[in-house]
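>
2 protein chains.
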Amino acid sequence: MTTETATQILHATHSALCKHGYAELTMQDIADETDLCKASIHYHYDGKHDLLVAYLDHLYEQFEDRIAEPAGETPAERLRGLVVALVTDRSDAPAFQTALLEIKAQSPYDDAFRSRLQRFDHAFTAAVREVVAEGVADGTFHEEVDPDAVASFLTTYVNGAQTRHAAVGHPLDDSAAAVDAYIDEALRADQAASTGGGPSSETANVGGTE
Amino acid sequence: MTTETATQILHATHSALCKHGYAELTMQDIADETDLCKASIHYHYDGKHDLLVAYLDHLYEQFEDRIAEPAGETPAERLRGLVVALVTDRSDAPAFQTALLEIKAQSPYDDAFRSRLQRFDHAFTAAVREVVAEGVADGTFHEEVDPDAVASFLTTYVNGAQTRHAAVGHPLDDSAAAVDAYIDEALRADQAASTGGGPSSETANVGGTE
DNA sequence: TCGAACTGACTGTCCGGTCAGTCAAAAAAA
DNA sequence: TTTTTTTGACTGACCGGACAGTCAGTTCGA
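Top line first, the protein sequences correspond to chains A and B. Just remember that this note's numbering sits 590 ahead of the position in the first sequence, which is counted from 1. Just remember that this note's numbering sits 590 ahead of the position in the second sequence, which is counted from 1.
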């Protein structure tokens, strides 16, 4: 098939996923976002599962690009950009985060999903680790800061922020603010530590906002 | 119906949920964990959704008891007990956490689920806040520690640990260790802050060792 | 004997997947 | 060039399985 058709179907999958959620997603829903019929999608993809996996791969490529070179002058800004990008309420994708959580929840039952999600997790952790290491190297962050520990910590925190937002409506802004406080208070070498309950960490999100 | 029958069905719901997961759960699966037939369950509950909601309520009662009076001499120990109880790999419930995540992921589509999950969230946050406040009051924790912020922070982190464990297999032990480190380094008044910052706590290594 | 508890058989619906066939454009033959 | 064949893309109609929920009827204890 032409790449145009492929992206059309992948795009339709995204829209349908946001509209109906993963659990309620049907092939017809996807076809409805297309000028093709249901059978045509089966013609291009071996089945629903195949299509979803292709969609996750497609998503990962975008995610990879997005976290590849964090914008910002200082490591602190880049770190903030990296994390906050996943913990910000983008009006274009309220339902997307929810659908992604549904997929995460299916991951234990589906090896293909699981390996894809692991790629997201590893990529994000690696990106954070990289930026933190830069910060430690150039003196932005305390020298005792362990990039591995911080990266894993933030990844877990981001996961929590996303889950808690989707599940109980805990504001993403609150979680983002807590990360900001964490960066300032726990990592930055030039900031006075003010303790307090500030730093809450979380991590999580795989897919990003799209 | 007798409360015995009720608990039998609720128990069966739990077992079936762990065995099959939420997405694949059928009324027949639940009935199979019972000495009743499918129709009998429909006789006692208005439907699948009703039963699941009753199950969540049942679950909440147990949860409430569990976090009601955290065990431990010091606030630090009680806080640890509170958090680690939710971030420990209990052999009896590997699949249970996954099923719970599936339910969380459905929460945005289901008001009854959502309100129940919010009760869990609020109860846990309140329990943490309480213990932290005790710790601040008796000098175990720094006086600058904000119980509200710490409670929200830890709740989010716990969510992240659970999600990341289920979704990509990130070890719960690692997350638990990070929380231990957080308590020691960011909250406890008698611990030396590892960073150069100031007199107040430092959370440089909040992420822990993992 | 009355009614609550329970059951087996059944129904309606939904959905993933299949299939025979259409159609247009490319390739091959004339 | 014109005609024929092939092929890839696509479609409407259909199939079969799964599952929530129903219902007429049975069982059994009070």
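Glycine included, every Cβ here is placed at the ideal spot set by N, Cα and C. Note that the structure is a prediction, hence the values are computed from the model and not measured.
Just the Cα atoms here: how many angstroms apart are residue 611 (chain B) and residue 689 (chain B)?
Each residue's alpha carbon lies about 5 Å from the other.
> Could you tell me which chain A residues have their CB closer than 7 Å to the CB of residue 638 (chain B), listed as they occur along the chain?
Residues of chain A passing the Cβ test: none, with the nearest at roughly 14 Å.
> Taking 8 Å as the threshold (C-beta atoms), are residue 747 (chain A) and residue 750 (chain B) in contact?
Yes, the Cβ-Cβ distance between residue 750 (chain B) and residue 747 (chain A) is below 8 Å.
> Does any CB atom of chain A fall closer than 8 Å to the CB of residue 761 (chain B)?
So no, residue 761 (chain B) is outside the interface.
> Please compile the residues from chain B whose C-beta is within a distance smaller than 8 Å of the C-beta of residue 708 (chain A).
Near residue 708 (chain A) (Cβ distances below 8 Å), the residues of chain B are 758 and 759.
> Closer than 9 Å, Cβ to Cβ, to anything on chain A: give me those residues from the segment 739-751 of chain B, in chain order.
Against chain A - using a Cβ distance shorter than 9 Å - the residues of the segment 739-751 of chain B are 739, 740, 741, 742, 743, 744, 745, 746, 747, 748, 749, 750 and 751.
> Any contact between the segment 704-717 of chain A and the segment 625-638 of chain A? By contact I mean 3 or more CB pairs, one from each, below 8 Å.
Touching, no.
> Going by DSSP, name the residue or residues bridged to residue 778 (chain A).
Its beta-bridge partners are A:731.
> Taking residue 694 (chain B) as the reference, give the member of B:768, B:767 and B:756 with the closest Cα.
Nearest option by C-alpha distance: B:756.
> Alpha carbon to alpha carbon, what distance is there between residue 659 (chain A) and residue 605 (chain B)?
One C-alpha to the other measures close to 47 Å.
> Which same chain residues, not among the five before or five after residue 799 (chain A), have their C-beta less than 6 Å away from its C-beta?
Low confidence applies here, because residue 799 (chain A) scores a pLDDT of 34, under 50, leaving its location unreliable and the question unanswered by this model.
> Are the C-beta atoms of residue 601 (chain A) and some chain B residue less than 8 Å apart?
False, the Cβ-Cβ gap to chain B never drops below 8 Å.
> Determine the DSSP secondary structure at residue 627 (chain B), reduced to helix, strand or coil.
Looking at residue 627 (chain B) - three-state DSSP - the assignment turns out to be coil, as it is neither helix nor strand.
> Please decide whether residue 650 (chain A) counts as near chain B, where near means a Cβ-Cβ distance under 8 Å.
So no, residue 650 (chain A) is outside the interface.
> Given that residue 697 (chain A) touches chain B, what residues does it touch there, using C-beta distances under 8 Å?
Near residue 697 (chain A) (Cβ distances below 8 Å), the residues of chain B are 756, 757 and 758.
> Is it the case that the CB of residue 703 (chain B) approaches a heavy atom of the ligand FAD more closely than 7 Å?
This structure lacks the ligand FAD; in fact it carries no ligand of any kind.
> Check the Cβ-Cβ distances between residue 609 (chain A) and every residue of chain B, and say whether any is below 8 Å.
Chain B contact via Cβ: absent.
> Taking the alpha-carbon positions, what's the residue 752 (chain A) to residue 733 (chain B) distance?
One C-alpha to the other measures close to 30 Å.
> Quick check on DSSP: helix, strand or coil for residue 617 (chain A)?
Correct three-state label for residue 617 (chain A): helix.
> Mind checking if residue 765 (chain A) is an interface residue toward chain B, Cβ cutoff 8 Å exclusive?
Cβ-Cβ to chain B under 8 Å: yes for residue 765 (chain A).
> Cα separation between residue 776 (chain B) and residue 664 (chain A)?
One C-alpha to the other measures close to 25 Å.
> Measuring alpha carbon to alpha carbon, tell me which of A:762, A:766 and A:728 ends up nearest residue 780 (chain A).
Measuring from the Cα of residue 780 (chain A), the nearest candidate turns out to be A:728.
> Kindly indicate which three-state DSSP category residue 666 (chain A) falls into: helix, strand or coil?
If DSSP states are grouped into helix, strand and coil, residue 666 (chain A) belongs with the helices.
> Applying the criterion that 16 or more other CB atoms from any shown protein chain within 10 Å of the CB defines a buried residue, is residue 608 (chain A) buried or exposed?
Buried, since its Cβ has 16 or more Cβ neighbours within 10 Å.
> Suppose you measure from the CA of residue 743 (chain A) to the CA of residue 768 (chain B); what does that come to, to the nearest Å?
The alpha-carbon atoms of residue 743 (chain A) and residue 768 (chain B) are separated by roughly 7 Å.
> Can you give the Cα-Cα distance for residue 626 (chain A) and residue 696 (chain A), rounded to whole angstroms?
Cα-Cα distance, rounded: 28 Å.
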